[in-house]
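Step one of this worksheet: look at the structure below.
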Amino acid sequence: MKTFVKILVAILVVAALCGGIYLVLPETAQTFVKGNIQYRINDEAKKRVDEAKNSQIKYTYKDNGIKKIYDPGTTYGSALENKAKTTVWYYESNGTGGYTITFYGTKVSMDLAKYGSDGTYIDKTLKVVFDYKPNNNGGYTGTVSWYIDNEPCEESITLAVVQALCN
């Protein structure tokens with residue numbers, strides 16, 4: 091009986107240490123932990139994340155007032171995961187029937203000057219938010235927002251980032 095109590099106390103101490111370490115991690119690190127666990131144990135999250143990863147990149151922009159679509163012929167998953175050192179995808183359901191998928195990638199380096207934007211980004215954090223809202227057809231309408239080091243990208247920078255990721 092004493093051995094059982096010792097083992098139980100040891101397990102509780104280890105669990106408390108792991109929980110304490112997790113709580114002092116920055117938000118991004120916590121998301122990496124949550125996202126990796128979530129993808130393995132939550133079937134809905136895995137399904138939604140895989141759908142986002144396998145979506146074809148198509149970006150609409152304006153060129154001299156004319157609406158154009160940039161279609162590099164690649165998926166978000168391959169474009170994003172190939173450029174980042176560490177990646178995680180995180181699923182969140184919102185209360186309105188929609189959901190959000192957030193991609194975090196670390197140590198992303200891109201030369202945006204090649205694609206009409208100023209600047210080169212070296213070892214930056216890239217965050218991409220896929221926001222899906224239910225539509226009248228029973229499906230979802232999605233929007234994609236891009237962030238470099240938690241700063242939202244303007245339209246011109248977003249197009250350059252998409253081009254840099256796909257090439």
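If you read the sequence shown in this note's numbering, its first letter stands for residue 91, the second for the next number, and so on.
Heads up, the beta-carbon is just placed ideally off N, CA and C, and yes, glycines get one too.
Roughly how many angstroms separate the alpha carbons of L98 and F122, rounded to a whole number?
Each residue's Cα considered, the two are about 29 Å apart.
Beta strand (DSSP E) containing E182: first to last residue?
If you look at E182, you'll find it in the beta strand (DSSP E) that goes 176-183.
Around the C-beta of V198, are 16 or more other C-beta atoms found within 10 angstroms, so that it is buried, or is it exposed?
Buried is the call here.
Would you call the CB atoms of V252 and I147 closer than 8 Å?
For V252 and I147, yes; Cβs fall inside 8 Å.
Should the segment 181-201 be called in touch with the segment 92-107, which here means at least 3 C-beta pairs below 8 Å?
Per the Cβ contact rule, the segment 181-201 is not in contact with the segment 92-107 (fewer than 3 Cβ pairs under 8 Å).
Do three or more CB pairs link the segment 235-245 to the segment 209-220 at distances below 8 Å?
Flag = yes, the segment 235-245 and the segment 209-220 touch.
Rank K175, M91, Y189, T164 by C-alpha distance to the C-alpha of G229 and give the top, closest one.
Per the Cα distances, Y189.
Just to check my reading of the structure: K173 and G195 have Cβ atoms closer than 8 Å, yes? What is that Cβ distance to the nearest angstrom?
Contact flag correct, Cβ pair sits at about 7 Å.
If you follow the alpha helix (DSSP H) that G109 is part of, which residue opens it and which one closes it?
92-114 is the extent of the alpha helix (DSSP H) around G109.
If you drop the 5 nearest sequence neighbours on each side, which residues of the same chain put their C-beta closer than 7 Å to that of I212?
For I212, same chain residues with a beta-carbon under 7 Å away, outside a window of 5 residues either side, are S199 in chain order.
Please name the residue, chosen from E245, L202, I191, that lies closest to K124 on a Cα-to-Cα basis.
Nearest of E245, L202, I191 to K124, Cα basis: I191.
Please return the same chain residues whose Cβ sits closer than 7 Å to the Cβ of Y151, not counting the five positions on each side in sequence.
For Y151, where only same-chain residues beyond five positions count, the Cβ hits under 7 Å are K158, Y160, E245, L249.
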